[in-house]
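Worksheet: the structure to be examined is printed underneath.
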Amino acid sequence: MIRTAVDSSVLLDVFSADPVYGEVSLKVLQKCWREGVLIACDIVWAEIRPRFDSDEALLKVTEKIGLCFEPLEQRSALKARIVFSRGIAVFIESIFNTSASWNLPGNFELSFP
Numbered sequence: 193m194i195r196t197a198v199d200s201s202v203l204l205d206v207f208s209a210d211p212v213y214g215e216v217s218l219k220v221l222q223k224c225w226r227e228g229v230l231i232a233c234d235i236v237w238a239e240i241r242p243r244f245d246s247d248e249a250l251l252k253v254t255e256k257i258g259l260c261f262e263p264l265e266q267r268s269a270l271k272a273r274i275v276f277s278r279g280i281a282v283f284i285e286s287i288f289n290t291s292a293s294w295n296l297p298g299n300f301e302l303s304f305p
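With the working numbering applied, the sequence shown corresponds to residues 193 to 305, in that order.
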């Protein structure tokens, strides 16, 4: 079973029905959900909480989509700089290389339970 850590930007795209990234983010979430477990750390919870009227509303949605809370350990937080640095490098590449594109395989039609 694959455990996929979900970033707040992906969740916010879906929760706010973002016109640019909402559909792509939903398809990626659905694919990851089918392959295993979706997890989000305390930072993600803090970043998405303002989108909801109450803690209960957030918990209801996260339970519905099967998003599990997994607090970040100090060691993991320190290693996250590697991924963050790579993300910045990819972002900078995309600014200077317009050939970047989103190619998602298959059809990801799925409703969360």
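Here a beta-carbon is modelled for each residue, glycine too, at the ideal position from N, C-alpha and C.
- Setting aside the 5 residues that flank it on each side, phenylalanine 244 is surrounded in the same chain by Leu250, each with a C-beta closer than 6 Å to its C-beta; the list follows chain order.
- When beta bridges are read from the DSSP output, threonine 196 appears opposite Leu230.
- Annotated as distal: alanine 232 and valine 253, with beta-carbon spacing of 7 Å or more.
- The shortest C-alpha to C-alpha distance from leucine 221 to any of Val202, Pro263 and Ile235 is the one to Val202.
- Between the alpha carbons of valine 216 and serine 200 lies a gap of roughly 14 Å.
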